[in-house]
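Each residue of the sequence shown is one higher than the one before, starting from 13 at the first, in the working numbering.
Glycine is no exception: its CB is placed at the ideal position from the N, C-alpha and C atoms.
See structure below.
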Amino acid sequence: MGRLDGPPAVVLVGASGYGRSYLREIVELEAAGEVRFAGVCEVAPLDAEGLRLVGRRPVSPDLPRLLAETRPDIGVVSTPMHTHLPLARHVLASGAHLLLEKPPTPTLRQWRELVDLTSGVACQVGFQSLGSGAVRRLADLVRTGELGEVAGIGVRGAWSRDDAYYTRAPWAGRRTLDGEPVVDGALTNPYAHAIATALAVDGSDDVSSIELELLRAHDIEADDTSCLRLRTGNGTTVVVAVTLCADVEQEPVLVVHGSLKRAELHYTRDRLVLDGVDELFDHVSPLRNLVAHLGDPSVPLQSPLAACGGFMRVLEAVRTAAEPVQIARKWLRRKGSRMVVHGIDDTVVRAADQLRTFAELGAPWSVLGRAAEYGREAVVPPAVVSRPALHPVRTLGGTVVTGEHPADHPWHRGIGLALPDVDGVNLWGGRSYRRGRGYVEGELGQVRQAEDGTVEWCDSFGVVLLRERREIRRRVVSGGWELSWTSVLSADSEVVLNSPGSLGRPGAGYGGWFWRLPDVDPTLVRVITPDGRGADDLNGVVADWLAVVVADPVAPWTAVLSGPSDPWFVRVSQYRGIGSALCWDKPKLMRPGWDVTVSVVLRLYDGVVTPAGQPDVRSKRKWDVMR
């Protein structure tokens with residue numbers, strides 16, 4: 013690619029919408045003698061301003077013909093994203109260099125095709141934020157370690173768009189149009205700069221993991237309120253929390269959390285705040301940078317197409333994700349022609365500051381807002397020890413996967429910790445198992461929440477036997493969501509934990525983390541482990557993971573459990589319950605300073621699915637094994 017002689021000729025494709033900004037800039041650059049304005053491709057009639065700016069230059073809806081007549085050096089494509097690839101093909105076929113407005117293409121496959129087509133020519137993507145000196149300065153601070161060890165990068169965005177924003181064009185707010193991908197959501201269009209800038213600051217063009225929470229307040233297909241957490245190729249955690257339904261609009265801010273310094277980048281204003289010191293920087297537009305690069309190839313492109321791989325992987329994840337979740341009306345309010353999500357302004361700030369998702373922050377309208385309700389039951393049946401637990405627990409599709417107080421075992425409830433015998437005190441419910449006597453009436457204890465947030469497990473007089481530090485975390489994963497439960501038990505004095513199994517009843521070592529499934533037909537439930545064994549062989553087995561598949565013909569779902577080093581307690585035919593067994597066949601002695609940790613991770617998916625790296629539970633061979 014050689015140096016150009018004289019100002020490059022420029023053709024603009026798309027002079028309406030954001031293309032109007034390019035039209036004004038091209039006219040400005042021509043007046044300065046830096047480019048020659050060759051013509052415009054536009055399918056709609058130009059308004060008065062457009063006609064004035066274009067003047068006598070040719071305007072045509074036929075791009076190949078216009079390119080043949082004008083023979084431009086640069087083609088600027090600023091049209092709806094789903095039209096980018098076919099128009100870019102025409103520009104490249106004419107031999108011109110390309111400036112393509114962001115996002116470059118609506119699919120990862122199209123981006124790869126376009127990268128191949130641009131071999132030997134310059135192709136710039138219109139990520140305007142990457143032309144800021146503030147971005148370059150911040151990237152240097154991260155690269156040289158001046159901020160210290162970077163814990164992560166957070167981006168917050170609180171803009172507002174009215175109803176007209178989604179009626180301005182047929183593709184606005186759509187995921188597809190006439191069967192073609194459009195992907196016009198908050199993350200992939202107005203906040204595309206947030207993602208691209210975070211990756212540029214990190215200095216990485218790769219993404220190793222992506223978590224998405226896509227929501228919508230408007231009656232649209234795409235997302236208007238979203239949270240993205242990714243890990244870059246450098247291992248940096250990036251959280252982007254944004255909305256188009258803010259109460260009070262605020263400019264987007266990128267925060268780098270360094271161990272030595274905190275930096276805030278206001279990328280729409282070329283402003284960098286470093287430990288309270290505010291500095292403004294220069295800005296070079298994508299077109300000016302492309303012109304400079306063509307005049308002197310030693311000037312690097314700000315945003316070459318080939319360097320957009322990380323961003324395109326995020327766009328592809330958004331495109332192929334489940335449809336955005338409609339936020340319940342009770343969390344929405346009207347403010348004129350705008351929609352406002354309750355508490356969203358504060359939530360995006362906390363997400364960027366804490367590098368946590370909406371769900372992890374407990375936003376009631378989040379993707380996981382209804383996924384798991386925590387607390388005590390409203391009505392406590394007789395002979396039941398009331399204790400805080402999770403119920404109902406749902407898949408993202410809304411299927412309830414927990415049961416509460418079933419007739420066969422009224423003390424079973426949702427997901428929680430179950431301790432049937434602590435120094436002879438029953439802290440679960442029902443009768444107590446005694447060696448040589450079987451199940452008999454026994455002492456029922458009580459469970460209470462302490463002021464410091466710990467859970468106290470007490471005898472019937474309220475004397476504390478165990479203290480529990482409990483952490484419950486939720487996050488969205490690819491295709492579903494993940495519940496992480498960790499309980500750390502400690503004792504002020506020596507106590508002994510037992511189960512019916514440790515007291516002599518074979519196969520009944522329950523006690524620990526416990527999940528009571530809903531009342532479903534047992535013939536529809538399949539349980540397997542890595543070696544493919546079925547439920548009848550799993551009770552008491554130690555396995556890295558355990559999958560539960562409920563092949564309900566209306567609402568099938570899958571769960572994958574992992575975490576405990578204890579044996580699994582599994583029931584399917586008698587009742588549906590899964591747990592970890594703290595005392596499978598031996599008692600567990602606890603003394604002051606001897607903590608016992610119970611940790612289980614549960615991933616829930618709608619449908620019969622196979623999580624990555626695990627056997628195909630959908631195959632007939634595996635189903636035969638599970639039977």
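*asked:* The alpha helix (DSSP H) that contains R443, what's its start and end?
replied: The count along the sequence shown starts at 1 and reaches residue 443 at position 431. Where R443 is concerned, there is no enclosing alpha helix (DSSP H), given that its DSSP letter is neither H nor E.
*asked:* I need the straight-line Cα distance from A21 to I38, nearest angstrom please.
replied: The residue labelled residue 21 in the question sits at position 9 within the sequence shown. The residue labelled residue 38 in the question sits at position 26 within the sequence shown. When rounded, the distance between both Cα atoms is 10 Å.
*How is G426 classed by DSSP in three states: helix, strand or coil?*
Numbered from its first residue, the sequence shown carries residue 426 at position 414. In this structure, G426 counts as coil in the three-state DSSP scheme.
*Rounded C-alpha distance that separates K634 from R399*: As a working mapping, residue 634 is identified with position 622 in the sequence shown. As a working mapping, residue 399 is identified with position 387 in the sequence shown. Residue placement at K634 cannot be trusted, given a pLDDT of 34 that sits under 50; the coordinates are not used to answer.
*Going by C-alpha distance, which of W497, D607 and Y617 is nearest G591?*
For the purposes of this step, residue 591 is identified with residue 579 of the sequence shown, where counting begins at 1. Residue W497 is the option with its Cα nearest to G591.
_What ranges does the beta strand (DSSP E) occupy inside the stretch 549-607, keeping only unbroken runs of at least 3 residues that lie completely in it?_
557-562, 569-574, 580-583, 589-592 and 600-602
*With a floor of 4 residues, list each alpha helix (DSSP H) that falls wholly inside the stretch 162-236, ordered by position along the chain.*
204-214
*Between D531 and V397, what straight-line distance do the alpha-carbon atoms span, to the nearest angstrom?*
Residue numbering aside, residue 531 sits at position 519 when the sequence shown is read from its first letter. Residue numbering aside, residue 397 sits at position 385 when the sequence shown is read from its first letter. Distance between the alpha carbons of D531 and V397 is about 21 Å.
*Would you kindly check if the distance between the Cβ of A146 and the Cβ of D236 is under 7 Å?*
The residue labelled residue 236 in the question sits at position 224 within the sequence shown. The residue labelled residue 146 in the question sits at position 134 within the sequence shown. For the 7 Å CB-CB criterion, D236 and A146 do not form a contact.
*asked:* Excluding the 5 residues flanking L150 on each side, which residues of the same chain have their C-beta closer than 7 Å to its C-beta?
replied: Position 138 of the sequence shown, counting from 1, holds the residue named residue 150. Non-local beta-carbon contacts of L150 in its own chain, meaning distances under 7 Å to residues more than five positions away in sequence, involve V213, V268, A275, L277 and L284 in chain order.
_Give me, in chain order, the residues of the same chain whose beta-carbon lies closer than 6 Å to that of L41; leave out the 5 immediate sequence neighbours on both sides._
In the sequence shown, the residue the question calls residue 41 occupies position 29. Here the set comprises V47.
_Bridge partners for N438 per DSSP, in chain order?_
For the purposes of this step, residue 438 is taken as residue 426 along the sequence shown, with counting starting at 1. DSSP output for N438 lists L456 as bridge partner(s).
_Whole-Å CB distance - A383 paired with V405, under 8 Å assumed_ = Numbered from its first residue, the sequence shown carries residue 383 at position 371. Numbered from its first residue, the sequence shown carries residue 405 at position 393. Rounded, the Cβ-Cβ distance is 7 Å, consistent with contact.
*Residue range of the beta strand (DSSP E) that includes I484*: For the purposes of this step, residue 484 is taken as residue 472 along the sequence shown, with counting starting at 1. Looking at the DSSP string, the run of the beta strand (DSSP E) that includes I484 is V476 to V489.
*CB-CB under 7 Å to D218, same chain, minus the five flanking residues each way: which ones, in chain order?*
The residue labelled residue 218 in the question sits at position 206 within the sequence shown. Excluding sequence neighbours, D218 sits near T244, G245, G321 and G322.
*asked:* Less than 7 Å between the beta carbons of I339 and L227, yes or no?
replied: Counting from 1 along the sequence shown, the entry for residue 339 is found at position 327. Counting from 1 along the sequence shown, the entry for residue 227 is found at position 215. Yes, they are a contact pair.
*Step through the CB atoms of chain B and report whether any lies within less than 7 Å of the CB of C239.*
In the structure shown, chain B cannot be found, because there is only a single protein chain.
*Return yes when the Cβ of I207 is within less than 7 Å of the Cβ of V252, no when it is not.*
The count along the sequence shown starts at 1 and reaches residue 252 at position 240. The count along the sequence shown starts at 1 and reaches residue 207 at position 195. Closer than 7 Å, so yes.
*When you compare only the Cα positions, how much space is there between D357 and P376?*
For this step, residue 357 is matched to residue 345 along the sequence shown. For this step, residue 376 is matched to residue 364 along the sequence shown. Distance between the alpha carbons of D357 and P376: 14 Å.
*asked:* For A642, report the span of its beta strand (DSSP E) as first-last.
replied: With the chain covering only 13 through 639, there is no way to say anything about residue 642.
*asked:* Suppose you measure from the CA of G164 to the CA of L509; what does that come to, to the nearest Å?
replied: Mapped onto the sequence shown, residue 164 falls at position 152. Mapped onto the sequence shown, residue 509 falls at position 497. For G164 and L509, the distance between alpha carbons rounds to 42 Å.
*Looking at R241 and T369, is the spacing between their C-beta atoms short of 7 Å?*
The count along the sequence shown starts at 1 and reaches residue 369 at position 357. The count along the sequence shown starts at 1 and reaches residue 241 at position 229. Their beta carbons are under 7 Å apart, which means T369 touches R241 by this criterion.
*Thinking T541 and Y617 are a contact (beta carbons under 8 Å), I'd like their distance in whole angstroms, please.*
Here residue 541 refers to the residue found at position 529 of the sequence shown. Here residue 617 refers to the residue found at position 605 of the sequence shown. 17 Å between Cβ atoms; not a contact.
*Hey, how far is the Cα of W440 from the Cα of W493?*
Your numbering for residue 440 matches position 428 in the sequence shown. Your numbering for residue 493 matches position 481 in the sequence shown. Each residue's Cα considered, the two are about 28 Å apart.
*Where does V361 sit, in a helix, a strand or coil, going by DSSP?*
Mapped onto the sequence shown, residue 361 falls at position 349. Looking at V361 - three-state DSSP - the assignment turns out to be helix.
*asked:* Nearest by alpha-carbon distance to Q366: which of G166, E468, V434 and E263 is it?
replied: Mapped onto the sequence shown, residue 366 falls at position 354. Nearest of G166, E468, V434 and E263 to Q366, Cα basis: G166.
*Looking at the structure shown, is S33 part of a helix, part of a strand, or coil, going by DSSP?*
If you number the sequence shown from 1, residue 33 lands on position 21. In the three-state reduction of the DSSP assignment, S33 falls in the helix class.
*N438 beta carbon less than 7 Å from that of G454*: Counting from 1 along the sequence shown, the entry for residue 454 is found at position 442. Counting from 1 along the sequence shown, the entry for residue 438 is found at position 426. The answer is yes: Cβ separation under 7 Å.
*CB-CB under 7 Å to L272, same chain, minus the five flanking residues each way: which ones, in chain order?*
Within the sequence shown, numbered from 1, the residue matching residue 272 stands at position 260. The residues L159 and G160, in chain order, have a CB closer than 7 Å to that of L272 in the same chain once the five nearest residues on each side in sequence are set aside.
*alpha helix (DSSP H) containing F323: first to last residue?*
Taking the first residue of the sequence shown as 1, we reach residue 323 at position 311. From DSSP, the alpha helix (DSSP H) with F323 extends over G321 to T332.
*Identify the residues that DSSP records as bridge partners of V89: which are they?*
Taking the sequence shown and counting its residues from 1, one reaches residue 89 at position 77. In DSSP, V89 forms a bridge with V25 and L112.
*Starting from E468, follow its DSSP beta bridges and name the residues at the other end.*
Here residue 468 is taken as the residue at index 456 of the sequence shown, counted from 1. For E468, which the question treats as bridged, DSSP gives the partners R460 and R479.
*Between the Cα of D578 and the Cα atoms of R588, T609 and P568, which residue gives the shortest distance?*
For this step, residue 578 is matched to residue 566 along the sequence shown. Comparing Cα positions, the closest option is T609.
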